[in-house]
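Per UniProt numbering, the sequence shown starts with residue 1, numbered consecutively.
Positions of the beta carbon are idealized from the N, C-alpha and C atoms, including for glycine.
What follows is a set of notes on a single structure, which appears directly below.
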Amino acid sequence: MRAEEAAGPAPLPENSRTSEGGAGWTCGKPGSFTDLLPERVPDFSWRRPSVLWRSRNDVVARLFGDPSDAIRRRCVGALRERGTPAAFTVHRSAPEFSFVLMGDTGEGDKSQYAVVPPLLHAAAGTDFMIIASDVIYPTGDAGEYPEKFFRPYKDYPGPIFAVPGNHDWYDGLRGFMHVFCGLEEDCLPPPWQGPLAFVPRLLWRRPGTVDARALADARNLYRGAPGQQGSQPGPYWAIDTPSLRIIGIDTGITGGIDRDQGEWLREVSAGPKPKMLVTGKPIYVDNDHRPGEIEGGGTVDEIVQDPAHNFVAAIGGDIHNYQRYPMALADGRTINYIVSGGGGAFMHATHVIPRTTVVNEQRFRCYPLRGDSLSRYSRLYGRWLRMPGLFELTPEEATAAIEHRLGIKAGRGYAAEPSRRARFVAALLGVPRGRRPRARFARLPVRRLPQRFRSEMADWDTPPFFKHFLRLDVTEAELRIRVYAATGCGDQETDPPCEDEVTIPLR
């Protein structure tokens with residue numbers, strides 16, 4: 001008998017599903033990402049009125065109509081006038097390749113840089129990177145690309161493609177179009193019409209000036225190597241390979257796409273070749289279906305689910321955590337709908353996700369685990385309110401409270417029953433009910449509070465960060481997706497925990 005057979009199978013690497021250490025709760029040493037930080041780390045916080053005011057275009061678009069469709073048409077028209085092919089497609093000849101994908105990256109603070117070392121290790125050998133939504137926070141300004149895009153990813157050797165998110169649209173997409181598409185023109189002004197059009201025109205935040213020389217200098221300094229250069233045809237695009245077609249769409253501020261982009265999406269989705277969608281807004285998220293309206297009729301998800309188009313996965317950013325919904329369709333196919341928005345910005349809580357009904361809870365995956373999310377937020381509230389004795393829950397206490405509230409097995413094999421205090425904190429911090437509540441405080445209406453008052457205001461700059469990124473490996477036969485955690489812990493940087501994995505047949 002060989003020695004390795006006598007010793008038995010090798011132990012599986014730790015992750016958040018196996019231990020608290022795998023989740024990053026017991027950091028042995030801080031990560032080396034601190035050495036990558038600029039001398040002055042921007043003090044970014046969503047609790048600042050100035051940041052909220054600069055992000056006002058989201059509110060303007062929802063109250064007076066999203067101008068993204070009309071602005072995008074102008075930008076696309078300008079690209080085509082200079083000779084960009086109408087198909088907006090990049091062709092790659094290799095049938096086997098790998099790439100890395102992450103969403104919602106650019107706050108420029110410790111939580112963004114904490115993702116970089118594990119990404120460079122786990123993404124070794126990949127051919128390119130895709131950023132799915134919100135490259136730059138808070139408002140996509142061109143002047144912030146040097147410190148929030150070029151500098152953090154200076155050591156990634158391949159080209160980077162991106163689809164814009166709502167925050168990239170807050171400057172009319174000007175910074176994004178200049179950096180990724182080389183478009184100099186300003187595609188504004190917004191096209192509001194009518195007697196009250198002066199109101200949104202007055203409130204709409206106009207883009208700042210683009211310092212083309214400063215951006216060119218930053219590109220040459222940080223990402224000037226020949227292998228790092230790539231040509232992105234537009235705000236929406238396709239990467240066509242013999243094995244898989246990757247399609248990226250621009251969902252503007254509120255999640256819809258314009259008529260022209262809808263026609264393009266139908267055209268590039270045609271045929272039996274396997275396809276994967278990358279979108280700024282996820283289609284399934286938080287146990288909710290958001291199909292994505294197309295101007296003039298139809299939805300993005302109708303195109304994705306059409307068996308003639310052969311989509312195998314749809315990945316969206318915008319929500320800053322990881323979720324996966326393997327959706328079994330009536331024709332026997334399964335499409336994996338994935339949320340991947342943990343690339344560096346604040347973490348959206350997962351403990352507020354209800355017990356899933358769009359797919360069986362047993363098949364649903366999320367990162368961080370709901371119990372870890374509740375534990376992290378309980379510590380924040382305990383510190384803010386100066387009542388740690390009341391609010392702070394250990395991961396074990398938080399997991400027990402999650403299991404009690406949702407009626408699920410939440411992970412790591414804990415056997416403890418939740419205390420009344422843990423159940424109260426869970427209810428107060430927004431854990432929904434998955435079964436009939438037993439206690440009066442279980443009926444607190446916390447779920448009605450807007451998400452931004454729970455997560456956007458609750459950022460932190462110490463491990464565990466609970467960030468993540470995806471590595472996708474493509475062969476002629478299959479697509480393998482692995483989800484790696486970025487905790488900020490030094491002992492998890494060179495071998496980051498794999499939190500989820502799925503292999504999708506392409507034949």
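Practice problem: With a threshold of 16 other CB atoms inside 10 Å of the CB of Q362, please say whether the residue is buried or exposed. | Solution: exposed
Practice problem: Could you check the C-alpha separation between E396 and Y484 for me, to the nearest Å? | Solution: 23 Å
Quiz item: With a CB to CB cut of under 7 Å and the five nearest residues on each side skipped, what residues in its chain are close to Q229?
Solution: P159
Practice problem: Kindly indicate the opening and closing residues of the beta strand (DSSP E) around K467. | Solution: 467-474
Exercise. Please say whether V210 and F176 have beta carbons closer to each other than 8 Å?
Key: no
Quiz prompt | For Q323, the three-state DSSP class (helix, strand or coil) | solution = strand
Exercise. Please go through the same chain and pick out, in chain order, the residues whose beta-carbon is closer than 7 Å to the beta-carbon of T357, but skip the five residues on each side of it.
Key: N287
Quiz item: With respect to the alpha helix (DSSP H) encompassing D372, which residues constitute its N-terminal and C-terminal limits?
Solution: 370-384
Quiz item: If you follow the alpha helix (DSSP H) that F33 is part of, which residue opens it and which one closes it?
Solution: Counted as a single uninterrupted DSSP element, the stretch harbouring F33 is not any alpha helix (DSSP H), since DSSP gives it neither H nor E.
Quiz item: When we look at the beta-carbon of R245 and count the other beta-carbons within 10 Å, is it buried (16 or more) or exposed?
Solution: The residue in question, R245, is buried, as its Cβ has 16 or more Cβ neighbours within 10 Å.
Practice problem: Could you give the DSSP three-state label for G316: helix, strand or coil? | Solution: strand
Quiz prompt | P505, DSSP secondary structure in three states | solution = strand
Quiz item: Just to confirm, are P368 and F466 a CB contact at a threshold of 8 Å?
Solution: Closer than 8 Å, so yes.
Quiz item: For the beta strand (DSSP E) that L479 lies in, which residues bound it at each end?
Solution: 478-486
Practice problem: Have a look at A398 and A23 and give me their C-alpha separation to the nearest angstrom. | Solution: 14 Å
Quiz item: Counting pairs of beta carbons, one from the stretch 121-135 and one from the stretch 94-107, are three or more of them closer than 8 Å?
Solution: Taking 8 Å as the limit for Cβ pairs, the verdict is that the stretch 94-107 does touch the stretch 121-135.
Exercise. Taking G252 and R72 to be in contact with their CB atoms under 8 Å, please state how far apart those CB atoms are, rounded to whole angstroms.
Key: 7 Å
Exercise. Given a cut-off of 8 Å, decide if R259 and P207 are closer than it, judged by their beta-carbon atoms.
Key: Cβ distance not < 8 Å, so P207 and R259 don't count as in contact.
Practice problem: On the DSSP bridge assignment, give the partners of H289 in chain order. | Solution: Paired residue(s): Y284.
Practice problem: Check the DSSP bridge columns for R245 and list the partner residues they point to. | Solution: Beta-bridge analysis with DSSP links R245 to D240, K275.
Quiz item: Leaving out five residues before and five after V41 in sequence, what residues of the same chain have Cβ atoms less than 7 Å from its Cβ?
Solution: D109, K110
Quiz item: Residue range of the alpha helix (DSSP H) that N220 falls in?
Solution: 212-222
Exercise. Tell me the start and end of each unbroken alpha helix (DSSP H) in the stretch 152-200 that is at least 4 residues and wholly inside, in chain order.
Key: 174-181
Quiz item: Would DSSP call T84 helix, strand or coil?
Solution: coil
Quiz item: Candidates A349, Q305, A87, V339: which alpha carbon is nearest A328's?
Solution: Q305
Quiz prompt | Closest by C-alpha distance to D461, when choosing among H309, Q112, F64 | solution = Q112
Self-check item: Close beta carbons around G382, own chain, < 6 Å, minus the five adjacent residues each side
Solution: P388, F391, E392
Exercise. Give the straight-line distance between the Cα atoms of P497 and A486, rounded to the nearest whole angstrom.
Key: 8 Å
Quiz prompt | Exposure label - W384; buried when at least 16 CB within 10 Å | solution = exposed
Self-check item: Residue from V431, S378, R386, Y377 whose Cα sits closest to the Cα of E403
Solution: V431
Quiz item: Grouping DSSP H, G and I as helix and E and B as strand, with all else coil, what is A349?
Solution: coil
Self-check item: Beta-bridge pairing of C27 - partner residues as DSSP gives them
Solution: When DSSP reads this structure, C27 sits in no beta bridge, so it has no partner.
Quiz item: To which residues of the same chain is R74 closer than 6 Å at the C-beta, ignoring the five residues directly before and after it?
Solution: C187
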